[in-house]
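Have a look at the structure below before the remarks.
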Amino acid sequence: MKVYNTLSRKKEEFVPQGDEVTMYVCGVNPYSDAHIGHAMSYIFFDVVRRYLHFRGHRLRHVQNITDIEDNIIATANRLGKSVPELTQEYTKRYDEDMAALNVLRADEYPRAMGEIEKIIEVTRGLIDKGFAYAVGGSVYFRVRKVPDYGKLSHRTLEAMEPSEGAIGNEEKEDAMDFALWKAAKPDEPSWDSPWGQGRPGWHIECSAMSLKYLGETIDIHGGGQDLIFPHHENEIAQSESFTGKKPFVRYWLHNGMVQLRQQKMSKSLGNLITIREALEKYSPDAIRIFVLNSHYRSPLTYSEEVLEAAERGADRLRQAANPGRPSFKGEVEELPDARAYYERFETAMDDDLNTPQAIAVLFDLASIINRAANLDYLDKVDQHRITFRDIAGVLGLKLEPTDVISGQVDLEEIDSEDIAATRGEKLDLLLSNIENAVKDPDMGIDSIRGYVNLALGVRDSLRKERQYQRADEIRDKLTSLGFTVEDTPQGTEWKRKR
RNA sequence: GGCGACGUAGCCAAGUGGUUAAGGCGGAGGUCUGCAAAACCUCUAUUCACCGGUUCGAAUCCGGUCGUCGCCUCCA
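First residue of the first sequence: 157, per the numbering used here; consecutive thereafter.
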């Protein structure tokens with residue numbers, strides 16, 4: 157398996173240090189809902205996890221939660237909440253979003269606030285070694301002490317024009333120096349430290365946590381490309397200076413950015429679609445297909461059109477995962493060997509996680525399975541179905557039926573007198589009952605099912621008498637109410653999504 | 001200004017030196033159906049932003065032009 161390492165700018169053969177792959181992925185700052193950009197990153201690293209597991213690796217996965225920083229403090233103040241109150245609320249919502257997207261939970265979710273002791277230990281160590289200095293209650297990292305600073309982002313200190321944000325701090329020795337520990341300002345949460353009351357800088361928590369939970373050298377460190385500089389660059393400087401051991405990270409993996417309307421999706425720009433908003437319109441599988449259908453290092457543009465396309469693709473895969481009844485009589489045709497699909501899948505994934513090709517394999521298998529279902533030889537494609545489910549699982553697709561309610565009309569079970577009684581003027585009443593029932597959240601599914609079965613029973617009786625116009629009126633009405641009506645050789649089936 | 005990525009069919013998107021340029025969505029036709037729906041089948045880029053060059057051979061390598069985006073500041 158090869159992965160593209162940001163550090164070397166090359167695809168490298170992935171060889172973990174030991175029996176257990178260690179992976180650290182940068183987490184979120186919980187002060188607002190996570191958006192599709194976050195979804196992309198965490199869905200991708202979820203697939204990395206699942207694929208490594210599929211390949212027989214054990215894995216330890218740690219993801220931090222930054223629960224103290226400027227934006228959190230500002231938001232908490234604005235909302236009149238305490239910082240822990242705010243961050244706990246949004247951490248919970250983040251967990252719910254990830255669960256909805258079928259993202260596996262990490263082994264540890266350390267919080268910055270919970271790791272102050274380790275952060276202070278690392279900070280003190282960096283001062284002792286001369287890599288950092290305390291001034292005015294703050295501690296800064298001395299960037300010029302690190303000769304290879306810039307190796308991840310491939311830029312030199314000289315090339316980094318200090319911008320406004322980097323200047324404007326008189327107490328730093330050098331404009332590029334960054335804070336490990338920030339002296340407390342009035343009315344901000346703060347902790348005791350050897351340098352007085354204060355709180356951690358942005359980058360130090362990841363160095364401290366990865367050191368504490370995963371050791372001095374970790375296999376994979378992941379995050380969005382926007383974290384390469386300064387965040388990950390600074391993590392390297394801190395960690396390698398503190399431990400004296402290189403490399404801090406063996407494989408740096410970075411995903412591309414999600415774009416919305418020709419711009420990066422981000423909180424600060426305010427152009428974003430939250431995961432929650434997307435899930436109101438699209439299934440988790442559709443969102444995962446949307447993300448995985450392009451390569452992880454490329455930018456990904458969010459649009460309704462592309463998500464719609466992903467949803468329709470998901471529908472077809474769901475059909476293969478939950479095959480219906482046969483439609484035709486057909487001959488069993490010569491089937492390609494199911495093992496070839498595993499090979500194609502592994503070849504694709506081994507080449508720097510080529511999920512678009514992996515999804516193509518899934519669609520090819522879906523065609524085989526759906527054809528077999530149509531022609532009534534599903535029993536001949538057991539191996540293909542196993543392969544299909546297996547690959548879908550590695551991509552984290554559930555492919556469960558999406559209908560909330562469904563039914564099958566059985567004229568034997570419906571009282572013929574009911575049908576006869578309903579065929580006349582009562583039909584309109586029945587249809588309006590269904591309309592009301594659909595809008596009423598308290599209405600039980602059984603009632604709706606009874607109504608719809610009766611309406612479609614009436615329709616079937618009309619169809620038997622070739623009164624197609626009246627029959628179609630009933631179907632059209634139900635369709636407009638969100639029902640899908642399908643006449644199959646086994647009778648009329650119906651379902652409704654939401 | 002510095003660093004980097006990208007430009008492939010109506011849309012999304014693989015492919016990065018050599019058989020017919022993956023796959024999805026959409027569209028057209030067909031099978032099935034009373035008609036539909038779903039599923040299936042067939043078709044849908046002689047061509048890979050543009051211009052030059054290297055090569056027996058390039059979407060793939062090199063140079064230039066145009067265009068889009070990211071990082072250099074909080075950010076997945």
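Backbone N, C-alpha and C define an ideal beta-carbon position, used for all residues, glycine too.
Quick caveat, the model's predicted, so the values are computed rather than measured.
Item to check | beta strand (DSSP E) runs contained entirely in the region 538 to 610, provided each spans 3 or more residues | outcome: Runs of the beta strand (DSSP E) inside the region 538 to 610: 561 to 564.
Next on the checklist: Taking the beta strand (DSSP E) that residue 644 belongs to, which residues open and close that run?
Outcome noted: On the first sequence, residue 644 is found 488 positions in, with the first residue counted as 1. Per DSSP, the unbroken beta strand (DSSP E) holding residue 644 starts and ends at 639 to 644.
Checklist entry - With burial defined as no fewer than 16 other Cβ atoms inside 10 Å of the residue's Cβ, what is the status of residue 388: buried or exposed? => result Taking the first residue of the first sequence as position 1, residue 388 is located at position 232. Buried, since its Cβ has 16 or more Cβ neighbours within 10 Å.
Item to check | Of the listed residues 194, 424 and 177, nearest to residue 413 (C-alpha basis) | outcome: In the first sequence, residue 413 corresponds to position 257, counting from 1. Ranking the options by Cα distance to residue 413, first place goes to 194.
Checklist entry - Do you know whose CA, among 165, 393, 459 and 567, lies nearest residue 286's CA? => result Counting from 1 along the first sequence, the entry for residue 286 is found at position 130. Closest by alpha carbon: 393.
Next on the checklist: Assuming residue 440 is part of the alpha helix (DSSP H), what are its boundary residues?
Outcome noted: For the purposes of this step, residue 440 is taken as residue 284 along the first sequence, with counting starting at 1. 440 to 448 is the span of the alpha helix (DSSP H), which, as asked, contains residue 440.
Checklist entry - Just reading off the beta strand (DSSP E) that residue 355 is part of, what are its end residues? => result As a position in the first sequence, residue 355 is number 199, starting the count at 1. Residues 354 to 356.
Item to check | Per DSSP, the bridge partner or partners of residue 351 | outcome: Indexing the first sequence from 1 puts residue 351 at position 195. According to DSSP, which records beta bridges pairwise, residue 351 is partnered with nothing at all.
Checklist entry - Where do the ends of the beta strand (DSSP E) carrying residue 338 lie? => result Within the first sequence, numbered from 1, the residue matching residue 338 stands at position 182. Its beta strand (DSSP E) spans residues 334 to 339.
Item to check | residue 379 - partner residues in DSSP beta bridges | outcome: Against the first sequence, residue 379 aligns to sequence position 223. Partner(s): 410.
Item to check | Residue closest to residue 418, alpha-carbon to alpha-carbon, out of 431, 459, 482 and 176 | outcome: To locate residue 418, count along the first sequence from 1; it is residue 262. The shortest C-alpha to C-alpha distance from residue 418 to any of 431, 459, 482 and 176 is the one to 459.
Item to check | DSSP bridge partner residues for residue 507 (one or two, in chain order) | outcome: Counting from one through the first sequence, the residue named residue 507 turns up at place 351. Paired residues: 158.
Next on the checklist: Here's the rule I'm using: 16 or more other beta-carbon atoms within 10 Å means buried, otherwise exposed. How should residue 560 be labelled?
Outcome noted: In the first sequence, residue 560 corresponds to position 404, counting from 1. By the Cβ neighbour-count rule, residue 560 is exposed, with fewer than 16 other Cβ atoms within 10 Å of its own.
Checklist entry - Is residue 172 near residue 272, with beta carbons less than 8 Å apart? => result One-based indexing of the first sequence puts residue 172 at position 16. One-based indexing of the first sequence puts residue 272 at position 116. In this structure, residue 172 lies away from residue 272, with their beta-carbon atoms at least 8 Å apart.
Item to check | Per-residue burial, residue 445 [other beta carbons within 10 Å of its own, 16 or more giving buried] | outcome: In the first sequence, residue 445 corresponds to position 289, counting from 1. Buried: at least 16 other Cβ atoms inside 10 Å.
Checklist entry - DSSP state of residue 249, grouped into three classes? => result Working through the first sequence from its first residue, we reach residue 249 at position 93. Collapsing the DSSP output to three states places residue 249 in a helix.
Item to check | Simplified DSSP assignment, three categories, for residue 462 | outcome: Working through the first sequence from its first residue, we reach residue 462 at position 306. In the structure shown, the three-state DSSP call for residue 462 is helix.
Next on the checklist: At the level of alpha carbons, what is the spacing between residue 321 and residue 404?
Outcome noted: Along the first sequence, read from residue 1 onward, the residue named residue 321 stands at position 165. Along the first sequence, read from residue 1 onward, the residue named residue 404 stands at position 248. Confidence at residue 321 is low in this model, with a pLDDT of 46, below 50, so the placement of that residue is unreliable and no value is reported for it.
Next on the checklist: Assuming residue 185 and residue 365 are in contact, meaning their beta carbons sit under 8 Å apart, how far apart are those beta carbons, in whole angstroms?
Outcome noted: Residue numbering aside, residue 185 sits at position 29 when the first sequence is read from its first letter. Residue numbering aside, residue 365 sits at position 209 when the first sequence is read from its first letter. Going by Cβ atoms, the distance from residue 185 to residue 365 rounds to 15 Å, so no, they are not a contact pair.
Item to check | Selection from 270, 361, 290 and 533 that minimises the alpha carbon distance to residue 487 | outcome: By 1-based counting over the first sequence, the position of residue 487 is 331. If we check each option's Cα against that of residue 487, 533 comes out closest.
Item to check | Residues near residue 279 in its chain [Cβ-Cβ closer than 7 Å; skip 5 each side] | outcome: The residue given as residue 279 occupies position 123 in the first sequence. 288, 295, 336, 337 and 360.
Checklist entry - Since residue 346 sits in a beta bridge, which residues does DSSP pair it with? => result Against the first sequence, residue 346 aligns to sequence position 190. In the DSSP output, where bridge partners are listed per residue, residue 346 has none listed.
Checklist entry - In three-state DSSP terms, what is residue 420? => result Numbered from 1 along the first sequence, position 264 holds the residue referred to as residue 420. In the structure shown, residue 420 sits in a strand (DSSP, three-state: E or B).
Item to check | DSSP three-state assignment for residue 259, whether helix, strand or coil | outcome: Translated into the one-based positions of the first sequence, residue 259 becomes position 103. In the three-state reduction of the DSSP assignment, residue 259 falls in the coil class, being assigned neither a helical nor a strand state.
Checklist entry - How big is the Cα-Cα spacing for residue 627 and residue 465? => result What you label residue 627 is simply residue 471 of the first sequence in a count that begins at 1. What you label residue 465 is simply residue 309 of the first sequence in a count that begins at 1. Whole-angstrom Cα-Cα distance: 32 Å.
Next on the checklist: Helix, strand or coil, according to DSSP, for residue 475 in the structure here?
Outcome noted: Your numbering for residue 475 matches position 319 in the first sequence. Helix at residue 475.
Next on the checklist: Quick check: the Cα distance between residue 187 and residue 242, rounded to an integer number of angstroms?
Outcome noted: For the purposes of this step, residue 187 is identified with residue 31 of the first sequence, where counting begins at 1. For the purposes of this step, residue 242 is identified with residue 86 of the first sequence, where counting begins at 1. Their backbone Cα atoms lie some 6 Å apart in a straight line.
Checklist entry - Looking at the unbroken alpha helix (DSSP H) that takes in residue 365, where does it start and where does it end? => result As a working mapping, residue 365 is identified with position 209 in the first sequence. For residue 365, the enclosing alpha helix (DSSP H) begins and ends at 360 to 370.
Item to check | Reduced DSSP category for residue 315 - H, G, I as helix; E, B as strand; rest coil | outcome: Position 159 of the first sequence, counting from 1, holds the residue named residue 315. Coil, per DSSP.
Item to check | Alpha-carbon to alpha-carbon, residue 331 and residue 345 | outcome: Residue mapping note: residue 345 aligns to position 189 of the first sequence, counting from 1. Residue mapping note: residue 331 aligns to position 175 of the first sequence, counting from 1. Straight across, the Cα-Cα distance linking residue 345 with residue 331 is about 26 Å.
Checklist entry - Going by DSSP, which residues form a beta bridge with residue 191? => result As a position in the first sequence, residue 191 is number 35, starting the count at 1. In the DSSP output, where bridge partners are listed per residue, residue 191 has 430.
Checklist entry - Could you give the C-beta distance for residue 511 and residue 448, rounded to a whole number, given that I count them as a contact under 8 Å? => result Working through the first sequence from its first residue, we reach residue 511 at position 355. Working through the first sequence from its first residue, we reach residue 448 at position 292. Confirmed, Cβ separation roughly 4 Å.
Item to check | Local conformation of residue 170 per DSSP, three classes | outcome: Translated into positions along the first sequence, residue 170 becomes position 14. It is coil, neither helix nor strand.
Checklist entry - residue 294 bridges to which residues according to DSSP? => result Position 138 of the first sequence, counting from 1, holds the residue named residue 294. In DSSP, residue 294 forms a bridge with 291.
Next on the checklist: Count Cβ pairs between the region 201 to 211 and the region 421 to 438 that sit closer than 8 Å; are there 3 or more?
Outcome noted: Contact between the region 201 to 211 and the region 421 to 438 is absent, because fewer than three Cβ pairs lie under 8 Å.
Item to check | residue 506 and residue 274 closer than 8 Å at C-beta | outcome: As a working note, residue 506 is residue 350 in the first sequence. As a working note, residue 274 is residue 118 in the first sequence. No.
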